[in-house]
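Chemist: Sequence positions in the first sequence follow the UniProt record's numbering and run 1 to 636. Note that CB positions come from ideal geometry on N, CA and C, so glycine has one too. Please read through the structure below; I'll follow up with questions.
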Amino acid sequence: MTNLVLSNQSLKSLLTSCITIKQALQIHAQTVVNGIHHDPFLITPLISFFAFSNSPSALHHSSLLFSQITTPDLFLYNAMIKAHSHSHAPHHALSLYKSMLASPTYPDSFTFPYLLKSCVRLFSLKLGIQVHCHVVKNGFESDVFVVNSLLNLYCVFGDTGNASKVFDESPVRDLVSYNTLINGFVEAGFASCSMRLFGEMRRFCVQPDGYTFVALLSGCSSLEDCETGKKVHCLAYKKLDSLGCNALLMNALVDMYAKCGYLEMAKRVLMSGIRSGKSVIAAWTSVMSAYARLGEVDVARRIFDQMEERDVVSWTAMINGYSCSGHFEEALELFVKLEDLGMEPDVVAVVAALSACARLGALEFGSRIHHKYAGKNWSCDQNGGFISAAVDMYAKCGCIDSALDIFCKTSDHLKTTFLYNSIISGLAHHGLGESAITLFKEMDTLGLRPDEITFVALLCACGHSGLVDDGKKLFESMLTVYGISPQMEHYGCMVDLLGRAGCLDEAYCLILTMPFKANAVIWRALLSACKIHGDIDLAKIASKELLTVEHGHGARYVMMSNMLADIDQHDEAASVREAIDNVGIRKPPGWSYVETNGALHKFMAGDNSHPEAKATEMMLWDVSRRLKSIGHVISA
DNA sequence: CTAGGGTTAG
1 MTNLVLSNQS LKSLLTSCIT IKQALQIHAQ TVVNGIHHDP FLITPLISFF
51 AFSNSPSALH HSSLLFSQIT TPDLFLYNAM IKAHSHSHAP HHALSLYKSM
101 LASPTYPDSF TFPYLLKSCV RLFSLKLGIQ VHCHVVKNGF ESDVFVVNSL
151 LNLYCVFGDT GNASKVFDES PVRDLVSYNT LINGFVEAGF ASCSMRLFGE
201 MRRFCVQPDG YTFVALLSGC SSLEDCETGK KVHCLAYKKL DSLGCNALLM
251 NALVDMYAKC GYLEMAKRVL MSGIRSGKSV IAAWTSVMSA YARLGEVDVA
301 RRIFDQMEER DVVSWTAMIN GYSCSGHFEE ALELFVKLED LGMEPDVVAV
351 VAALSACARL GALEFGSRIH HKYAGKNWSC DQNGGFISAA VDMYAKCGCI
401 DSALDIFCKT SDHLKTTFLY NSIISGLAHH GLGESAITLF KEMDTLGLRP
451 DEITFVALLC ACGHSGLVDD GKKLFESMLT VYGISPQMEH YGCMVDLLGR
501 AGCLDEAYCL ILTMPFKANA VIWRALLSAC KIHGDIDLAK IASKELLTVE
551 HGHGARYVMM SNMLADIDQH DEAASVREAI DNVGIRKPPG WSYVETNGAL
601 HKFMAGDNSH PEAKATEMML WDVSRRLKSI GHVISA
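Here's what the structure looks like:
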């Protein structure tokens, strides 16, 4: 090759037609050879080429070049910030911004959207709020791109309150602003707000596009509002003559009809999608899930097997389809198959598997999954769902210590009401009422609001630990302090709590004064308390009431007959048994699982077929004898 | 602004 010396100009024009990283590296080498690598007109396009070539090593290379520039200009700063915002290390974007603030350069409207995106990718609302302050300080709140990035930031974190505030206070709004907030409302579970916003959008004559309709339909799916869904369908049909080529929209339509239970309509839209050659995996997944929810697991499985393409989402849907119908073993089997096929399960799939383990009590399997996926690059441990699923799994499998360990190691910004609910109910089931209350008090200092589930867990914890006064105080505080009106479940917990503690009259009184008609759960709780404390008169009342709300339920008869036998009312017990025979009621046998050394053992009431059934029974007898000896009262 | 699949109680 001839020793050709290229001028600055020709190198620069070469760079514009450069395609591969290798070519750009060659040009860079030339600039060094020619001693012109400090020419800003050459180095700037080189840096941005490397920055935007979507390769971690090239980005590293551009960072090196960038660091050698003494006073980078705004353009270069923005280029580097943008490149880092979608890199594997978005925090570099914020460091760059910091050094920019220390330099004579000021940010502009191009800087903030990428900073905000970095905060989103760092899962840090806190940093995002700081950047928001800088937006205000620098006067960019009226730039529509900045506004849309702010909207996205708040929506991603489910903070629709702040998102609405940004939206309301912004002098500029475009289609993207509306779409972002509409979608944010839907994802936060406020689908009705999204419908209202859509109305406003139309009044302001902002023309919706495909994304608007997809978001709205997704809202109709979650509301199971097929009426609105149909209207959106019509509107989308009229507005978009290109409806036929939008796969996303077709999928959203199918999902809406499937979730609303209009399976025939869902399949009709799906078929039209197939005819026009669209990508239909998502639509099939929706239809499949609908069948699973209806309890038709076999139909769901057939669809799953017949789908010509399956992705992680379809696998997850099938795994959950099994879980929904109580087929936890099949769910886990499918998860293992997914792993064996070399497909990388994502957080949602892992969460689904952990949940199946929790339901089965499959500790070894569950902890294997937990350890395998904690600390992966897509960061399960940054995902609130993964953490609560793991906490729940350990708690349900009897390892409250492991559950607490995970909980305590979780940093505060990842602690949510949901996670507290998981750990508190875990503590409740382990009879650790005091700890449950301690953690509950912690929520306040983190600014987390308890919800109705928190109180179910708390009251349950008090009930299992005999903390009657604490339970009463908490029940009081629900409405007076937290503005949550107690539901049937909460009254149920209170009846159980008072009943176990022997305050039978107080429990009965609560039932009579509560604002709803007591359901079977409540009467059963009272009946069970009567059994423990041997109150026959109240037991008769409770069982009479139970009969009126729950006609012909086998468990009631069995419980009643056992109870009467226990308190030496053998004649009455016999008459109840007779009633069972007369009505022909059969209580479905109780069953349970236990997992040891990776094998699952199923136990059913009255079933002695397990090879170690005799030994197990002896062990159980021993356990209950020891429980009795330390004063524990075993209820029905 | 890019569907479809998820975690807590009873």
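For Ser388, which three-state DSSP category applies?
Modeler: helix
Chemist: Roughly how many whole angstroms lie between the Cα atoms of Ala389 and Val351?
Modeler: 6 Å
Chemist: Pick out whichever of Val131, His429 and Met288 has its Cα sitting closest to the Cα of Val146.
Modeler: Val131
Chemist: Figure out for me which residue from Ser221, Gln487, Asn148 and His371 has the closest Cα to the Cα of Val287.
Modeler: Ser221
Chemist: Out of Ser314, Ser279, Val280 and Gln306, state which residue places its alpha-carbon closest to the alpha-carbon of Ser289.
Modeler: Ser314
Chemist: Would you tell me roughly how many angstroms separate the C-alpha atoms of Cys380 and His413, rounded to the nearest one?
Modeler: Note on geometry: alpha-carbon atoms of Cys380 and His413 lie some 15 Å from one another.
Chemist: For Tyr491, which option in Ser543, Met271 and Thr513 has the closest C-alpha, if you only look at C-alpha atoms?
Modeler: Thr513
Chemist: Let me know the secondary structure DSSP gives Met288 once reduced to three states.
Modeler: helix
Chemist: To the nearest angstrom, report how far apart Thr480 and Leu446 are at their CA atoms.
Modeler: 20 Å
Chemist: Taking only three categories from DSSP, how would you classify Cys399?
Modeler: coil
Chemist: I need the straight-line Cα distance from Ile182 to Glu227, nearest angstrom please.
Modeler: The straight-line gap from Cα to Cα measures roughly 19 Å.
Chemist: Quick test of your reading: Leu439 and Ile424, contact by CB under 8 Å. State the CB separation rounded to the nearest angstrom.
Modeler: 6 Å
Chemist: Are the stretch 36 to 45 and the stretch 8 to 21 touching, with three or more C-beta to C-beta distances below 8 Å?
Modeler: yes
Chemist: State the DSSP-derived secondary structure class of Leu101, mapped to helix, strand or coil.
Modeler: DSSP places Leu101 within a helical segment (H, G or I) once states are collapsed to three.
Chemist: Would Val468 and Gly426 be called neighbours here (beta carbons separated by less than 8 Å)?
Modeler: Contact check for Val468 against Gly426 fails: the beta carbons are separated by 8 Å or more.
Chemist: What does a CB cutoff of less than 6 Å around Ala258 pick up in its chain, not counting 5 residues either side in sequence?
Modeler: Ala266, Ser286, Val287 and Ala290
Chemist: On a CA-only basis, which of Gly261, Tyr262 and Val254 is nearest Ala272? Give me that one, please.
Modeler: In the sequence on display, residue 272 carries Ser and not Ala. Of the listed residues, the one whose Cα sits closest to Ser272 is Val254.
Chemist: Which term fits Val583, buried or exposed, when burial requires 16 or more other beta carbons within 10 angstroms of its beta carbon?
Modeler: Low per-residue confidence applies at Val583: pLDDT is 47, beneath 50, and the placement is therefore not dependable, though the value from the model is reported in the following sentence. Classification for Val583: exposed.
Chemist: Kindly give me the distance between the Cβ atoms of Ala292 and Gly321, rounded to whole angstroms, as I take these residues to be in contact under 8 Å.
Modeler: 3 Å
Chemist: Quick one: give me the first and last residue of the alpha helix (DSSP H) that Leu127 is part of.
Modeler: Leu125 to Lys137
Chemist: Distance, Cα to Cα, Ile536 vs Cys530?
Modeler: Taken atom to atom, the span from the alpha-carbon of Ile536 to that of Cys530 is near 7 Å.
Chemist: Is His487 helix, strand or coil when you go by DSSP?
Modeler: It is worth fixing the name first, because residue 487 is Gln in this sequence and not His. If DSSP states are grouped into helix, strand and coil, Gln487 belongs with coil.
Chemist: Quick one: is Phe516 buried, meaning 16 or more other Cβ sit within 10 Å of its Cβ, or exposed?
Modeler: exposed
Chemist: Would Ala79 pass as a contact of Ser85 if the rule is Cβ separation under 8 Å?
Modeler: Against a cut-off of 8 Å, the Cβ pair of Ser85 and Ala79 comes out as no contact.
Chemist: Could you tell me the alpha carbon to alpha carbon distance between Thr212 and Val269, rounded to whole angstroms?
Modeler: 19 Å
Chemist: So for Ile19, helix, strand or coil by DSSP?
Modeler: Reduced to three states, the DSSP call for Ile19 is coil.
Chemist: Just tell me which of Arg625, Val172 and Leu153 has its CA closest to the CA of Lys126.
Modeler: Leu153
Chemist: To which residues of the same chain is Ser13 closer than 7 Å at the C-beta, ignoring the five residues directly before and after it?
Modeler: none
Chemist: Measuring straight from C-alpha to C-alpha, what distance separates Gln382 and Phe123?
Modeler: 8 Å
Chemist: Closer than 8 Å by C-beta to Phe41: which residues in its own chain qualify, once you throw out the five before and the five after it? Chain order, please.
Modeler: Asn8 and Lys12
Chemist: Take Thr416 and list the residues in its own chain whose beta-carbon comes closer than 6 Å to its own, dropping the five residues that flank it on each side.
Modeler: Gly384
Chemist: Could you please give the first and the last residue of the uninterrupted alpha helix (DSSP H) stretch that includes Thr71?
Modeler: No alpha helix (DSSP H) contains Thr71, which DSSP labels as neither H nor E.
Chemist: From Ala520, Phe112, Val521 and Arg500, pick the residue whose C-alpha is nearest to that of Gly534; which is it?
Modeler: Arg500
Chemist: Locate the alpha helix (DSSP H) running through Glu330, then write down its first and last residues.
Modeler: Phe328 to Asp340
Chemist: Excluding the 5 residues preceding and the 5 following Arg524 in the sequence, name in chain order all residues of the same chain whose CB lies nearer than 6 Å to its CB.
Modeler: Hits under 6 Å: none found.
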